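In the numbering used here, the protein residues as written are 1199 to 1489.
See below for the structure under consideration.
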Amino acid sequence: MTPATTFALIGAGRVATTLGVLLERAGHRIVAASGRSASRERVRRYLPQARFVPATEAARAGAVVVLGVVDDVIEPTCASLAEAGAFRVGQHVLHLSGSMGIATLSRAARAGAVTLSLHPLQSFPEVDEGLARMAGSGVAVTSSSEEGLLFGESLARDLGGVPFRVPDEVKPLYHAAAVFSANYLVVVEAAAERLLGRAGVPGPLELLRPLARTANERAFDLGPANALTGPAARGDVGAIHRNLAALSEAAPELVAAYRALAEVASDIATESGRLPAEQRLAVREELSRWS
Ligand SMILES: NC(=O)c1ccc[n+]([C@@H]2O[C@H](COP(=O)([O-])OP(=O)(O)OC[C@H]3O[C@@H](n4cnc5c(N)ncnc54)[C@H](OP(=O)(O)O)[C@@H]3O)[C@@H](O)[C@H]2O)c1
C-alpha cells in the first residue's frame, strides 16, 4: 500500500473520477478537482469531499496531481499549470493516457516533480462501470525514473490493479494492442451484424453471441494460434473466393477489412505450423484479386 497521501484531479473525467473513488477506498484523500461542467457533476456525485476549484488552485493542493484530461489536452494543461507555478519539488504528476509519452509532462518535471503515467488496461464507459471493472485489470506504468515506476506500481495495486512496466518509447505500440483487443473486437462484431442483416437474417446479434463468445473464450483458453479456425487458417481458397464475391456485391466497404484479417489469419496459421507455406501463398493470391 502507498502511504496515505493527497490527490488533485485536473479534469475529473470518467477515468480520473473512477480512480479517485478507488484511491479514497484505499485510504487516500482527493482534496481538490477541476474541469468543466461534467467534471463538476462527477465530483459532486462521487467525490463530494473534494473542493471543485480552478486547475491551478487544485494542482497546488495535491501531493499527487492527476492530469485526467483527454489526451490532446494533457501537454497544454501541464504547460499552463507550470506557467502558473502550480508544481513543486517532490510532487508526483501523472497522466492516464496509453499512447502519450512522458515528455508531455516535461514542464512538471522541470519544476522538480516526479512524472509518470498510469494506464489502466480496461475500458471506462462511465464511472460506475469503471468501478465494477477495475479489480484485477492490468495497469501500465511508465516513468523515466525508478522512483516514479515504484510509486506508480504501488498506486496501481491500491486501485486493485495488476501493475506492469511499459517503456515510454513503446507506449503507442502497447496502446495499439489495447485498441485491437477491445475496440476492433467490437468493430468485427458490428461487421458481422451488418452482414447478417443484409442477408436478411433476423436478430443477428443474439445469433452471433454464442459463436463470438466461444471463439473469444477459446482464444484465451488455448491461445489464439490454436483457437483459430475458418477458411484462411485452413487454406480454403474456394470459401474465401465465395465470401469475397458476396462481399463485393453486398458490402463492398468490408472487402478491405476481410482481406486484411484473412492475411493475418493465414500468417498465424503458417507460423503455428498448421498451414503449409504453399497453401498460404494460394490464399494470398486469391486475396490479392479483390480490391
Ligand atoms: N475511457 C477509457 O476507457 C480510458 C481507458 C484508459 C485510459 N484512458 C485515458 O484516460 C484519460 C481520460 O479519459 P476519459 O475517458 O476519462 O475522458 P473524458 O471522461 O472524456 O474526459 C476527461 C476530462 O477531460 C476534459 N476534457 C475533454 N475535452 C476537453 C477539452 N477540449 N479541453 C479541456 N478539457 C477537456 C473533460 O471535461 P468535462 O468532462 O468536465 O467536460 C474531463 O474532465 C485519457 O488520457 C484517456 O486516454 C481512457
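The beta carbon of each residue, even a glycine, is placed where N, CA and C say it ideally should be.
Predicted model, so just to flag it, every value in this text is computed and none were measured.
In the DSSP assignment, find the unbroken beta strand (DSSP E) run with residue i in it and report its ends.
i, result
"VAL1263", "1262-1265"
"VAL1325", "Here VAL1325 belongs to no beta strand (DSSP E); instead the alpha helix (DSSP H) covers 1325-1331."
"HIS1293", "1290-1293"
"PHE1362", "1360-1363"
Please report how far the alpha carbon of residue i lies from the alpha carbon of residue j, in whole angstroms.
i, j, result
"GLU1344", "ALA1475", "46 Å"
"ASP1226", "SER1321", "According to the sequence displayed, residue 1226 carries His and not Asp. Rounded to the nearest angstrom, the two C-alpha atoms are 23 Å apart."
"THR1302", "VAL1360", "24 Å"
"LEU1292", "THR1412", "38 Å"
"VAL1435", "GLY1421", "25 Å"
"VAL1263", "SER1379", "30 Å"
"LEU1485", "GLU1447", "16 Å"
"ALA1280", "GLU1239", "26 Å"
"ALA1425", "ASP1465", "14 Å"
"THR1275", "LEU1221", "23 Å"
"ALA1454", "LEU1406", "22 Å"
"ARG1258", "LEU1294", "19 Å"
"GLY1471", "ALA1214", "45 Å"
"ARG1457", "ALA1463", "10 Å"
"THR1313", "ARG1416", "40 Å"
"PHE1250", "GLY1211", "13 Å"
"LEU1473", "PRO1402", "31 Å"
"GLU1255", "ALA1376", "34 Å"
"GLU1273", "GLU1391", "39 Å"
"ALA1309", "VAL1267", "20 Å"
"ARG1305", "VAL1271", "14 Å"
"GLY1334", "GLY1328", "12 Å"
"ALA1311", "ALA1410", "46 Å"
"GLN1477", "LEU1442", "18 Å"
"GLY1260", "GLY1288", "11 Å"
"ALA1282", "ARG1242", "26 Å"
"LEU1459", "LYS1369", "24 Å"
"ARG1355", "LEU1452", "42 Å"
"GLY1299", "HIS1373", "11 Å"
State buried or exposed for residue i, treating a residue as buried only when at least 16 other CB atoms are found within 10 Å of its CB.
i, result
"ALA1397", "exposed"
"MET1199", "exposed"
"TYR1382", "exposed"
"ARG1349", "The question names Arg, yet the displayed sequence has Phe at residue 1349. Buried: at least 16 other Cβ atoms inside 10 Å."
"SER1237", "buried"
"VAL1325", "buried"
"ALA1479", "Going by the sequence as given, residue 1479 is Leu instead of Ala. Under this definition LEU1479 is an exposed residue."
"GLN1247", "exposed"
"ASN1414", "exposed"
"ALA1202", "exposed"
"SER1315", "buried"
"THR1468", "buried"
"GLY1233", "buried"
"ALA1231", "buried"
"THR1216", "buried"
"ALA1307", "buried"
"THR1427", "exposed"
"GLU1367", "exposed"
"PRO1429", "buried"
"GLU1351", "buried"
"SER1235", "exposed"
Tell me residue i's beta-bridge partners as DSSP assigns them.
i, result
"HIS1373", "Per DSSP, none; premise fails for HIS1373."
"VAL1386", "Answer is none; VAL1386 lacks a bridge partner."
"SER1315", "HIS1293 and THR1340"
"SER1470", "DSSP output for SER1470 lists no bridge partner at all."
"ILE1208", "SER1232 and LEU1265"
"ARG1482", "The partner list for ARG1482 (beta bridge, DSSP) is empty, contrary to what the question assumes."
"ASP1227", "Note on residue identity: the sequence assigns Arg, not Asp, to residue 1227. Looking at the DSSP assignment, ARG1227 forms a beta bridge with THR1204."
"PHE1250", "ALA1231"
Start and end of the alpha helix (DSSP H) containing residue i?
i, result
"SER1491", "No answer is possible for residue 1491: the residues shown for the chain start at 1199 and end at 1489."
"SER1237", "1235-1244"
"ARG1286", "First-last for ARG1286: undefined, no H or E at that position."
"GLY1436", "1435-1448"
"THR1254", "1253-1259"
"PHE1322", "Premise fails: PHE1322 is in no alpha helix (DSSP H) and is neither H nor E."
"THR1412", "1402-1420"
"ALA1380", "It is not in any alpha helix (DSSP H) - ALA1380 carries neither H nor E in the DSSP assignment."
"VAL1307", "Per the sequence presented here, residue 1307 reads as Ala, with Val not at that position. Unbroken alpha helix (DSSP H) run through ALA1307: 1304-1308."
"ALA1430", "1429-1432"
Is residue i close to ligand 2? I mean its beta-carbon at under 6 Å from any heavy atom of the ligand.
i, result
"ASP1269", "Judged by which ligands are present, ligand 2 is missing from the structure shown, whose ligands are ligand 1."
How many whole angstroms separate the CB atoms of residue i and residue j, which I take to be in contact at a CB cut-off of 8 Å?
i, j, result
"MET1323", "MET1332", "One detail in the question is off: residue 1323 reads as Pro in this sequence, not Met. PRO1323 to MET1332, Cβ: 13 Å. No contact."
"ILE1208", "LEU1245", "Not really, about 13 Å apart at Cβ, beyond 8 Å."
"ARG1495", "LEU1353", "The structure shown does not extend to residue 1495, since the chain is modelled only from 1199 through 1489, so no value can be given for it."
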